[in-house]
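Enquirer: Handing you a structure now.
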Amino acid sequence: MRFRRPDKKKILLFLAVLGPGIITASVDNDAGGIATYSIAGAHFGYALLW
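If you're matching positions, the sequence shown starts at 6 in the working numbering and goes up one per residue.
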């Protein structure tokens, strides 16, 4: 059984589209934000999920 290697262009496109969002999400989480997210999650539970 042969495995196909992922297409390099598809991987680069995926990273180009998703990369800035991942960087922004990781930079934006400070101590105050994490506390707020935890309190909101404890209060609302899964009701905030789409």
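Note that beta-carbon positions come from the ideal geometry of N, C-alpha and C, so glycine has one too.
What would DSSP say about Pro25, mapped onto helix, strand or coil?
Expert: Here residue 25 refers to the residue found at position 20 when the sequence shown is read from its first residue. Helix, per DSSP.
Enquirer: Starting from Tyr42, follow the alpha helix (DSSP H) in both directions and report where the run begins and ends.
Expert: Here the question's residue 42 lines up with position 37 in the sequence shown. Run containing Tyr42: 36–49, per the alpha helix (DSSP H) assignment.
Enquirer: For Leu54, which three-state DSSP category applies?
Expert: Here residue 54 corresponds to residue number 49 of the sequence shown, with the count starting at 1. DSSP places Leu54 in coil when its eight states are reduced to three.
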